[in-house]
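Read through the structure below, which is laid out as structure tokens, and then see the notes.
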Amino acid sequence: MNLSGRKLKILEAIINDYIFSAEPIGSKSVSQNHDLNISAATIRNEMSDLEELGYLAQPHTSSGRIPTEKGYRLYVESMMQEGILDGQQKRVIDDSLFRRHGEVQKLLDDALRLMSEFTSYTAVALTPKFNESRIRNLQLVFVSSSNIMLIVVMESGLIRNLILNTSHEISQDKLNIISSMLNERLSGKTIEQIDHRFINYLKTKIYEYSEFLDQLLEGISMNSLALEDIEILAEGKTNILDFPEFNNISKARAFLDMLGQKDTMLQILNSAGIQRENINILIGAENLCDISKDCSILTATYKLGDKTIGKIGIIGPTRMDYSRVFSIMNYVSQRLDRFIKSEF
85 MNLSGRKLKI LEAIINDYIF SAEPIGSKSV SQNHDLNISA ATIRNEMSDL EELGYLAQPH
145 TSSGRIPTEK GYRLYVESMM QEGILDGQQK RVIDDSLFRR HGEVQKLLDD ALRLMSEFTS
205 YTAVALTPKF NESRIRNLQL VFVSSSNIML IVVMESGLIR NLILNTSHEI SQDKLNIISS
265 MLNERLSGKT IEQIDHRFIN YLKTKIYEYS EFLDQLLEGI SMNSLALEDI EILAEGKTNI
325 LDFPEFNNIS KARAFLDMLG QKDTMLQILN SAGIQRENIN ILIGAENLCD ISKDCSILTA
385 TYKLGDKTIG KIGIIGPTRM DYSRVFSIMN YVSQRLDRFI KSEF
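In the working numbering, the protein residues as written are 85 to 428.
Here it is as structure tokens:
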């Protein structure tokens with residue numbers, strides 16, 4: 085059913101007050117702190133209705149009410165207004181990210197630090213996909229008579245190492261020559277562009293090492309250069325401990341463990357929730373693991389042109405300042421898009 089305007093105003097007031105107090109909200113408090121022109125008795129009756137409808141809950145030890153996940157969802161979908169970042173906050177973000185526009189890794193590190201500091205929550209990011217980034221340079225290094233190390237440095241700042249097996253020994257001097265030739269032809273290309281047709285072209289130019297080039301292609305395409313390419317970064321991991329919802333040691337430990345579980349975090353960060361503009365909002369039980377059900381997670385993509393290359397996110401208690409987090413996430417993701425684009 086659709087809620088009346090009065091119920092919506094009361095629910096919004098309770099959610100806003102509870103976000104900042106973490107204490108159950110009573111009808112008298114709503115009446116005194118908000119200019120609703122509604123009596124405390126009427127507010128109390130409306131709060132009882134909202135509880136029956138599943139938007140509020142009453143803790144056993146209190147006469148006040150707290151929002152439920154259903155209440156938060158309605159708030160985010162139809163009542164939340166984007167917070168306003170002041171000029172000083174925008175300048176801090178712009179100046180910090182501008183200084184780091186040379187490398188995506190450093191951009192992300194600074195973006196996470198800023199988001200964590202501005203919100204007091206935990207900030208996370210999925211790094212760009214390695215195989216979709218462009219090659220800056222590569223180096224072949226002699227390891228043994230049958231092993232060569234390939235070091236690939238991408239324009240995004242990501243680095244990967246890979247051991248290649250060879251059927252015969254290749255000296256470091258020759259490896260330097262091959263590295264130089266490869267850099268001349270591969271710089272600026274993505275891993276995905278290094279296919280058999282491209283290798284065959286290289287073999288006509290470096291025919292002496294055609295067998296090794298086949299091994300190099302097989303190593304790149306079959307090994308973990310691209311398969312294990314996504315990393316999860318986190319800043320402000322222990323910030324969650326400052327909130328009463330996570331005063332319980334076992335719950336706090338479970339939260340920190342969750343941040344270290346790559347598969348779990350990938351599932352959570354890639355889950356669909358409430359979409360507002362570029363921001364995806366997951367609230368409580370919409371999340372996939374037990375501990376994250378006590379959290380809300382906002383994520384935003386960052387792009388290179390029209391192509392999404394990663395995500396940033398903020399994780400906090402379900403009692404989150406959604407409006408402020410939304411505005412910070414929205415602004416930071418837009419600036420990331422801009423500075424990543426300027427890099428390439």
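Idealized CB from N, CA, C, for every residue including glycine.
Keep in mind it's a predicted model, so treat the numbers as computed, not measured.
Collapsing the DSSP output to three states places K377 in a helix. T126: member of the alpha helix (DSSP H) spanning A124 to E136, first to last residue. Close CB contacts of S255 within its chain, under the 8 Å cut and outside five residues either way in sequence, are with F226 (chain order).
By the neighbour-count criterion, in which 16 or more other beta carbons inside 10 Å mark a residue as buried, K289 falls on the exposed side. DSSP, read as helix, strand or coil, puts K395 in strand. Per DSSP, M233 is one residue of the beta strand (DSSP E) stretching across N231 to M238. Cβ neighbours of S111 within its own chain (closer than 8 Å, five residues either side excluded): A124, A125, I127, R128 and M131. Partner residues in a beta bridge of Q116, as assigned by DSSP, do not exist. By the 16-neighbour rule on beta-carbons within 10 angstroms, Y156 is buried. Two segments are said to touch when three or more pairs of C-beta atoms, one from each, lie closer than 8 Å; by this definition the segment 323–338 does not touch the segment 406–418. Exclusion of the five residues before and after R184 leaves K190, L191, D193, D194 and F423 as the residues of its chain whose Cβ lies within less than 8 Å of its Cβ. Close CB contacts of L325 within its chain, under the 7 Å cut and outside five residues either way in sequence, are with A336 (chain order). For A209, there is no enclosing alpha helix (DSSP H); the residue is part of the beta strand (DSSP E) that begins and ends at T206 to L210. For P151, the three-state secondary structure derived from DSSP is strand. Contact between L382 and I393 is absent: CB atoms are separated by about 19 Å, not below the 8 Å threshold. By the criterion of at least three beta-carbon pairs nearer than 8 Å, the segment 281–298 is not in contact with the segment 165–185. By the beta-carbon neighbour count (other beta carbons within 10 angstroms, threshold 16), R149 is buried.
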